[in-house]
Amino acid sequence: MTADASRFDASAIDKSLVARLLSAQFPYWAGLAIRPAEPQGHDNRTFRLGEALSVRLPSAERYVAQVEKEQAWLPALAPHLPLPIPAPVARGAPGEGYPFKWSINHWIQGETARTARIADRVRFGVDAAAFLRALHRIDPAGGPSPGPHCFWRGGPLTVYDSRVREDIVALGDTVDGGAATEVWEAALAATWCGAAVWFQGDMVANNLLVGEDGRLCAVIDFGCSGVGDPACDLTLAWTFLDGEARDAFRDAIALDGATWARARGWALWKALVLRGGDRWHPELARSP
């Protein structure tokens, strides 16, 4: 039984659904323990399956294209990267009231950087930059161009111009509207003229795993990845890093000022998507 994709409610994604899908499509894994991952993402719901696997299910129709993309490209990217990334094992089909394709991946052990003890934040910034530099060097031929699958990350910021300006006005006195507008206009003016590269697309703390030694040990969730402008990968400088760690990240990534201006634009866009003054980071008004 499948459901109407346009009416599917993500709250229906639970252990029971995962168990039914496994029993119907992958019975040899059906006896393994199923545990919700913490924290959960927005685009997908993830469950640990036994000790070595994970189940990843899109939460809405607009995220389904990410399944095919990750299945096709993650195995090609992995050998060129200095840290582990998700490795697809199998692809599930709609069924049991769930209307979308879904994935089974290898489980990667680690705690998200949002909550983990980081032994050396400067080293963390350098390691994150090293990962991105390696990703940006991978041959982009045939990779997915910016589009709905990645919510236009890697493409021109102009696609969000009217939305960002409306959101700045809507937030009123909860943000410095003048500073936000200056950041946005500087980002729009910093036109990208470089060669297309692979980008991760959602380089946030919850997608960066930290090992028991306190160091960055893996990068997960490539649903917003693609080939285009790498500026969207730099938002970590404002959303998580600060001080010497931010400086080390910027020095190690070695990208030009125009790219950093666009990166601030992407960070501003994301902050406004979250829609709250408490999410506005005053340091967006300055270069890292």
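Residue 783 is where the sequence shown starts when you use my numbering, and the numbers rise one by one after that. Quick reminder that beta carbons are idealized off the backbone N, C-alpha and C, glycines included.
- Secondary structure of T894 (DSSP, three-state): strand.
- For the pair P866 and I890, the CB atoms are nearer than the 8 Å cut-off.
- The alpha-carbon separation between G993 and W855 amounts to approximately 25 Å.
- A distance below 8 Å separates the beta carbons of H888 and A869.
- Annotation for V979: the continuous beta strand (DSSP E) segment containing it runs V979 to F981.
- According to the DSSP assignment, I1002 belongs to no beta strand (DSSP E), since it is labelled neither H nor E.
- Shortest Cα-Cα distance from D943 to any of Q848, P926 and V965 involves V965.
- Each of L998, F981 and V1055 was checked against the Cα of E948, and the nearest Cα belongs to V1055.
- Ranked by how close their Cα comes to the Cα of I1002, the residues K883, L1037 and N826 have N826 in first place.
- Short of 8 Å from the beta carbon of I1035, and not among the five residues preceding or following it, lie these beta carbons of its own chain, in chain order: A911, L914, R915 and L1016.
- Here R997 carries a coil assignment [DSSP, helix/strand/coil].
- DSSP lists T828 and S885 as the bridge partner or partners of R838.
- Relative to D1011, the option among A972, A1030, L990 and E1026 whose CA is nearest is A972.
- Short of 6 Å from the beta carbon of L1023, and not among the five residues preceding or following it, lie these beta carbons of its own chain, in chain order: G907 and F1031.
- Per DSSP, V941 lies in no alpha helix (DSSP H) and is assigned neither H nor E.
- Secondary structure note for G1039: its alpha helix (DSSP H) is the uninterrupted segment G1039 to V1055.
- For G877, no alpha helix (DSSP H) encloses it, and the DSSP letter there is neither H nor E.
- Per DSSP, the unbroken beta strand (DSSP E) holding I816 starts and ends at I816 to P818.
- Counting the other CB atoms within 10 Å of its CB gives E1026 a total below 16, which places it among the exposed residues.
- Sequence-distant Cβ neighbours of Y845 in its own chain, meaning closer than 7 Å and more than five residues away, are D825, N826 and G1005.
- By the neighbour-count definition (other C-beta atoms within 10 Å, threshold 16), P840 is a buried residue.
- A direct Cα-to-Cα measurement between G936 and P922 gives close to 13 Å.
- Going by C-alpha positions, G823 is about 20 Å away from R789.
- Secondary-structure assignment with DSSP links L991 through a beta bridge to T894 and A1000.
- The same chain holds no residue with a CB closer than 6 Å to that of A842 once the five nearest residues on each side in sequence are set aside.
- In this structure, the straight-line span from the alpha carbon of G959 to that of E820 is close to 35 Å.
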